[in-house]
Amino acid sequence: MLPDFASRVVAWQRAHGRHDLPWQGGHDPYPVWVSEIMLQQTRVDSVIPYYTRFLARFPDLATLAAADEDDVLALWSGLGYYSRARNLHATARRILAEHDGRFPIDPEVLATLPGIGRSTAAAIAALAFGQRRAILDGNVKRVLARVFGIEGWPGERAVENELWRLADALLPDRDLRAYTQGLMDLGATLCTRAAPRCEVCPLGETCLAHRQGRQRRLPAPRPRKSVPERSVAMLVLLHAGSVLLEKRPPTGVWGGLWSLPECAEAEEPGEVAECLGCRVVDAVALPIVSHAFTHFRLRIQPWRLRAQPLPGAAEPGRLWLDLNDIEGAALPSPVRRILLDARA
Ligand code: SF4
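Following our numbering, the numbering of the sequence shown begins with 3 at its first residue and continues without gaps.
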């Protein structure tokens, strides 16, 4: 174990770390929590505009808890991994109902709330409450794997357990906020995946990966699996400047978002449109759109259909959205792209 690991990280954070992120500067757990959830799987520069809009619309827990899920999802639209938004909303309601509107201080209790895992609970506990808790997000896993030469993919249980053991053992007794933030900053700004800047890293002298020239090989990447492809046709049913949308089921891909009616590629779009209560006037196939999810790739064949709605086309779970309102609606990003193309 490196005795001066923590003091190097703390000193570096104070001199060179990030101090002007929009969620920094206070000890209110609400902005820390929102930012931590947004930062899961998303880079800081992508998160900042979403975070700023989100906080302007939902400045505190009570406002978020009182919001409609559609409004929360609309502000998340384009950020991806929508279960994060649904969990954020659900957690705000749980904290209001079960904890009198106050964030639990105990990380074990925090980790029972939707969307808050062990590392996120520890980050909130350390950054908002100054508690002595180890974090282990993707950036920190990379730093520790490199400094200590940990072999194997960090997604494997045994490797992750070893990284947690290290993260716990390295925790200092003081300066927990600067230390926690420093580890995050190091991973995000110096010890990046593709271009680590070892020459200016405070851990460079002792880092095994640096000393052995193995930065590119550590941590080991996720074992390769071929990504399956799924195909679907989407119907852009247009009538009087509006498009017919359907609400997705609350869980699963794009859960809770508004999307286009779908059918199998082999089905006749006009017949499917009739089942949705629309008589099709004409149909044009639009360019194929491809969208990558973590576990599969979705190939979308969009159809632009001029339609005449029959009674029943606007049942519960369906709506006609004015094409001028596409930007602000809770839509998956490929669907928004298709609609913007279809509108053009
Ligand atoms: S020396 Fe290089 S590889 Fe090691 S922690 Fe620093 S930036 Fe990462």
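Positions of the beta carbon are idealized from the N, C-alpha and C atoms, including for glycine.
- With a cutoff of 7 Å on beta-carbon distance, residue 205 and residue 147 are scored as not near each other.
- With respect to residue 282, residue 309 sits close: the two C-beta atoms are nearer than 7 Å.
- A residue is called buried when at least 16 other Cβ atoms come within 10 angstroms of its Cβ; residue 27 does not meet this threshold and is exposed.
- A distance criterion of 6 Å places the beta-carbon of residue 218 beyond contact range of ligand 1, judged by its closest non-hydrogen atom.
- Under the DSSP assignment, residue 324 falls in the beta strand (DSSP E) whose first and last residues are 320-324.
- For residue 164, the enclosing alpha helix (DSSP H) stretches over residues 159-172.
- Under the 8 Å Cβ criterion, the segment 138-153 counts as touching the segment 181-195, having at least three qualifying pairs.
- The C-beta of residue 250 has 16 or more other C-beta atoms within 10 Å across all chains shown, which makes the residue buried.
- DSSP, read as helix, strand or coil, puts residue 13 in helix.
- Between residue 196 and the set 50, 287, 144, the nearest pair of CA atoms involves 144.
- Below 8 Å, too few C-beta pairs join the segment 266-276 and the segment 324-332 to call them touching: fewer than three.
- The beta carbon of residue 199 is closer than 6 Å to those of 192 in its chain, skipping five residues each way along the sequence.
- In terms of Cβ geometry, residue 129 and residue 11 do not form a close pair [threshold 7 Å].
- Proximity to residue 228 across 71, 295, 131 peaks at 295, based on C-alpha coordinates.
- The beta-bridge partner set that DSSP reports for residue 261 consists of 248.
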